[in-house]
Amino acid sequence: MSSVNASPANDTLARDFVAFSVQSGVLRFGEFKTKAGRLSPYFFNSGLFDDGAKLGRLAEFYARRLLASGVGFDMLFGPAYKGITLAAGTAIELARLGRNVPYCHNRKEAKDHGEGGLMVGAPLKGRVVIVDDVITDGASKREAVEMIRSAGAEPVAVLIAMDRMERGGPDDNLSQRSAVEDFQAAYGIPVVSIATVADLLQYLRSNDDPALGTHFARVAGYRERYGV
0 MSSVNASPAN
10 DTLARDFVAF
20 SVQSGVLRFG
30 EFKTKAGRLS
40 PYFFNSGLFD
50 DGAKLGRLAE
60 FYARRLLASG
70 VGFDMLFGPA
80 YKGITLAAGT
90 AIELARLGRN
100 VPYCHNRKEA
110 KDHGEGGLMV
120 GAPLKGRVVI
130 VDDVITDGAS
140 KREAVEMIRS
150 AGAEPVAVLI
160 AMDRMERGGP
170 DDNLSQRSAV
180 EDFQAAYGIP
190 VVSIATVADL
200 LQYLRSNDDP
210 ALGTHFARVA
220 GYRERYGV
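Numbering that gives the first Met the number 0 puts the first residue of the sequence shown at 0, with every later residue one more than the last.
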């Protein structure tokens, strides 16, 4: 099972999202050390969608991708911490588009006063979409799946911004699958991405800006070495 990304009818959505991420300074080029210790020629930092205008536009991409995916869903769940804002923003945009659904998020630690518990927002029930920025090692998504299932609800998809399509493991023993593919294989739940590194390469290849074009070879080389 591969991640659910842009179909031919939705290629524009992925391309526009990559352009928006670059223009917002969220998708940057240079030399960045990844969690796996690799030197990546690009870095996607969703924490830099840091004002109202950028967050509103980001939520539009999330909502449009989810609706275009064909996934049937009843509510959204945002894993703490980044997923909280992303799920809330997506819920707002879905309501604006005429699809009003509840959402909730977890706390990192259970609250022992007031309403108490680990969850904030609507009760977990029905078909739930987990909303987050990326999948690195899948740990927080696995935790989310278990929380949703333990509440008697059904996790039906994970919605993320960017799929790096990158194999894990040490350089001399690379995995045959990416973190997204590992997650899908383990849980049988599709991952829906707004865009992938393949969309980034297409953007760099076709862009008229010579400065951006210079990054194509390094990103392509990195993908050739580590990509699935």
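Where a beta carbon is used, it is the ideal one built from N, C-alpha and C, also for glycine.
All values derive from a computational prediction rather than experimental measurement.
Within the same chain, and ignoring the five residues on either side of L26 in sequence, the residues whose Cβ sits closer than 6 Å to its Cβ are S20, F43. Contact between Y102 and F76 holds: CB atoms are separated by about 7 Å, below the 8 Å threshold.
Annotated as distal: L158 and I188, with beta-carbon spacing of 8 Å or more. Excluding the 5 residues flanking it on each side, R204 has same chain C-beta neighbours closer than 6 Å at F215, in chain order. Of Y41, G36, A138, the smallest CA-CA separation from T195 is found for Y41.
A straight line joining the alpha-carbon of Y202 with that of S139 spans about 30 Å. For D207, the closest alpha carbon among the candidates A18, F182, G36 is that of A18. According to the DSSP assignment, D162 belongs to the beta strand (DSSP E) that extends over 153 to 162. By the criterion of a C-beta distance shorter than 6 Å, F31 is surrounded in its chain by S39, F42, once the five residues flanking it on both sides are discounted. Here Y102 carries a strand assignment [DSSP, helix/strand/coil]. Annotation for G29: the continuous beta strand (DSSP E) segment containing it runs 26 to 32.
Short of 7 Å from the beta carbon of R56, and not among the five residues preceding or following it, lie these beta carbons of its own chain, in chain order: F19.
Counting only the Cα atoms, D170 lies some 14 Å from S177. About 6 Å separates the beta carbons of V127 and E153, which is inside the 8 Å limit, making them a contact pair. With contacts defined by Cβ atoms closer than 8 Å, A62 and L12 do not form a contacting pair. Annotated as proximal: A160 and D132, with beta-carbon spacing under 8 Å. Unbroken beta strand (DSSP E) runs of no fewer than 3 residues, entirely contained in the segment 142 to 223, are found at 153 to 162, 190 to 195, following chain order.
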